[in-house]
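All remarks here apply to the structure that follows.
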Amino acid sequence: MIPPAFEYLRPNSIPEAIALLEQHGDDAKILSGGQSLIPMMKLRLARPAYLIDINRISGLSFIKEEDGFLKIGGLTREAELEVSPLIRAKYPIILDTVRVIADPQVRNLATVGGNLAHGDPANDHPATMLALDAQVVATGPGGERAIPIGEFFLSVFSTALQPGEILTEIRVPVPPTRSGGAYFKLERKVGDFATAAVAAQVTLDDGGVAQRVGIGLTNVGPKPLAAKKAEDSLRGKKIDAASIRQAAQLAAEEAQPSSDLRGPAEYKRGLVKELATRALTRALERARK
Amino acid sequence: MATKQQVRVKLNGRERQADVEPRMLLVHFIREVLQLTGTHIGCDTSHCGACTVLLNGKTVKSCTMFAVQADGGEILTVEGLSKDGQLHPLQEGFKEEHGLQCGFCTPGMLMSSYALLQNNPRPSEGDIRWGISGNLCRCTGYQNIVRAVQFAAAKMAHGGTK
Chain A
1 MIPPAFEYLR
11 PNSIPEAIAL
21 LEQHGDDAKI
31 LSGGQSLIPM
41 MKLRLARPAY
51 LIDINRISGL
61 SFIKEEDGFL
71 KIGGLTREAE
81 LEVSPLIRAK
91 YPIILDTVRV
101 IADPQVRNLA
111 TVGGNLAHGD
121 PANDHPATML
131 ALDAQVVATG
141 PGGERAIPIG
151 EFFLSVFSTA
161 LQPGEILTEI
171 RVPVPPTRSG
181 GAYFKLERKV
191 GDFATAAVAA
201 QVTLDDGGVA
211 QRVGIGLTNV
221 GPKPLAAKKA
231 EDSLRGKKID
241 AASIRQAAQL
251 AAEEAQPSSD
261 LRGPAEYKRG
271 LVKELATRAL
281 TRALERARK
Chain B
290 MATKQQVRVK
300 LNGRERQADV
310 EPRMLLVHFI
320 REVLQLTGTH
330 IGCDTSHCGA
340 CTVLLNGKTV
350 KSCTMFAVQA
360 DGGEILTVEG
370 LSKDGQLHPL
380 QEGFKEEHGL
390 QCGFCTPGML
400 MSSYALLQNN
410 PRPSEGDIRW
420 GISGNLCRCT
430 GYQNIVRAVQ
440 FAAAKMAHGG
450 TK
């Protein structure tokens, strides 16, 4: 399949890329890893007249802790997160997530920024970033702004990014001690989207009481969902098998799955309950370490 | 028609260049413009891995990348594996261990295995299965492919070619 014709533009800086976005408006798309966009262009689900390739812009790929945040550059490849010593040591929930995204070849090109900016509820980073209470940094004609992840996803393939803005960075608050997280996904085969997946992140106090709880759901609604009632049910409580069971039940009720080739809605709701139980249990184990 | 763009690459060690439409996929550039047909087009939807090549040392699915994106890069395809008429240990391994039946997935399998052994010369069976998890084979059930990669790893560890 050959995509429709387009003009190829390759800016060398962010201001140049933004100027091109402003000039071409809705006719332009940013080409990052291309692992979602190119398949969509082949299927004629996307027909941009201009592709703005940001891959040669330097300074958009990094993984570092700074000012109380883990900062991930928008152009950072999934494969780079997979081997990052910082991610491996301190962010097991992100490592869990990266390892189940697509396959090795796709991870070599696919970017974290693209995974979020695409606004696909089936993508894996959104749920994890919801659980981690991340911020998305958008750079546009007026400079930078940080968007709380809870306000970023609007609907299927639609985000809070404005025309003329590029997702340049993801900021995750550095978790305090006694924090832990995990991501559990059921996929039919390597490379498939999740039938359902759950991300959970908890922070405990000295006495083992949950200070902060984040739970994100993948591919069980029109957008990535935060399971707020489930989070509320655990906050301020000691997390144990009984409270995890209750929270998992609430998360299943908050899911909005639809029936498709991956299974009927009720099956997916059941999956959310089981995956939430596993993710919360693993998150708790990791927080206690 | 969109403006053609010049693409220069180093393909299996040789400088090549051509002017192509931006929408030309890398796999078509390699097969039709540069005339190396060892790289296969399988699913054409980024699932099967038959079109896997190395770009700047990393595996990519050449059906899911535009040729213009590879401009300035180094590409290794299956044709670049053998040296001086000698099969690469991986190619030898696939032959000795019957790592193929129809052979359609083999170029992609070889390139993914090659990248795996570059980063991890002594992979476990699990590492090998992880390394080829983006490549589908409908014939072998993967058993002999795993053995073929183990054969190559052992041979390379004993001073075989890289």
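Protein chains in written order, with my numbering: chain A, 1 to 289; chain B, 290 to 451. Positions of the beta carbon are idealized from the N, C-alpha and C atoms, including for glycine. Since the structure is predicted, the reported quantities are computational estimates derived from the model, not experimental observations.
Taking C-beta separations shorter than 6 Å and ignoring five residues to either side along the sequence, the partners of Ser-84 (chain A) in its chain run Ile-63, following chain order.
Using a C-beta cut-off of 8 Å, the region 135-146 of chain A makes no contact with the region 88-107 of chain A, since fewer than three inter-stretch Cβ pairs fall below that distance. With a cutoff of 7 Å on beta-carbon distance, Ala-226 (chain A) and Ala-200 (chain A) are scored as not near each other.
Between Gly-113 (chain A) and chain B, the shortest Cβ-Cβ separation is not below 7 Å. His-329 (chain B) has a beta carbon lying at 7 Å or more from every beta carbon in chain A. Annotation for Ser-351 (chain B): no alpha helix (DSSP H) segment contains it, and DSSP assigns it neither H nor E. Chain B has a Cβ within less than 7 Å of the Cβ of Met-1 (chain A). Shortest Cα-Cα distance from Leu-406 (chain B) to any of B:Asn-424, B:Leu-379 and B:Leu-323 involves B:Leu-379.
For the C-beta of Phe-6 (chain A), the chain B residues within less than 8 Å are, from N- to C-terminus, Ala-291, Pro-311 and Arg-312. By the criterion of a C-beta distance shorter than 6 Å, Val-438 (chain B) is surrounded in its chain by Ser-402 and Ile-417, once the five residues flanking it on both sides are discounted.
Non-local beta-carbon contacts of Tyr-91 (chain A) in its own chain, meaning distances under 7 Å to residues more than five positions away in sequence, involve Leu-70 in chain order.
Note on Arg-427 (chain B): under 16 other CB atoms within 10 angstroms of its CB, so exposed under the neighbour-count rule. Listed along chain A, no residue sits closer than 8 Å to Gln-432 (chain B) by beta-carbon distance, the nearest being about 17 Å off.
A straight line joining the alpha-carbon of Ser-32 (chain A) with that of His-317 (chain B) spans about 21 Å.
Taking CB atoms only, Asp-232 (chain A) has no neighbour in chain B less than 7 Å away.
Under the Cβ criterion of 7 Å, Asp-333 (chain B) is counted among the residues facing chain A. Ser-158 (chain A) is bridged by DSSP to A:Ser-155.
Contact with chain A is found for Thr-341 (chain B), since one of that chain's Cβ atoms lies less than 7 Å from the residue's Cβ.
By the Cβ-count criterion, Asn-115 (chain A) is buried, with 16 or more other Cβ atoms from all chains shown falling within 10 Å of its own Cβ. Against chain A, the CB of Lys-299 (chain B) has no partner CB under 7 Å away; the residue lies outside that interface. With the rule of 3 Cβ pairs closer than 8 Å, the region 157-169 of chain A does not count as touching the region 255-271 of chain A. The three-state secondary structure of Ile-147 (chain A), taken from DSSP, is strand.
In this structure, Ile-244 (chain A) lies near Thr-277 (chain A), with their beta-carbon atoms less than 7 Å apart. By the rule that beta-carbons nearer than 7 Å mark a contact, Ser-413 (chain B) does not touch chain A.
Tyr-267 (chain A): member of the alpha helix (DSSP H) spanning 265-288, first to last residue. Checking the DSSP bridge columns, you'll see Pro-173 (chain A) partnered with A:Phe-69.
Per DSSP, the continuous alpha helix (DSSP H) segment holding Val-112 (chain A) begins and ends at 112-117.
Interface with chain B (7 Å Cβ-Cβ cutoff): Gln-256 (chain A) is excluded. Taking 8 Å as the upper bound for CB-CB distance, Thr-341 (chain B) and Asn-424 (chain B) are in contact here, some 7 Å apart.
When Cβ pairs closer than 8 Å are counted between the two stretches, the region 204-215 of chain A is seen not to touch the region 184-194 of chain A, the count staying below three. DSSP, reduced to helix, strand and coil, places Leu-225 (chain A) within a strand of the structure shown. Boundaries of the alpha helix (DSSP H) around Gln-432 (chain B): 432-446.
Each residue's CA atom was taken as its position, placing Ala-443 (chain B) and Pro-410 (chain B) some 9 Å apart. A residue is called buried when at least 16 other Cβ atoms come within 10 angstroms of its Cβ; Gln-432 (chain B) does not meet this threshold and is exposed. Counting C-beta pairs closer than 8 Å gives fewer than three between the region 315-331 of chain B and the region 262-280 of chain A, which falls short of the contact rule.
Taking Pro-4 (chain A) as the centre and dropping the five residues before and after it, the same chain places the C-beta of Arg-47 closer than 6 Å to its C-beta, in chain order.
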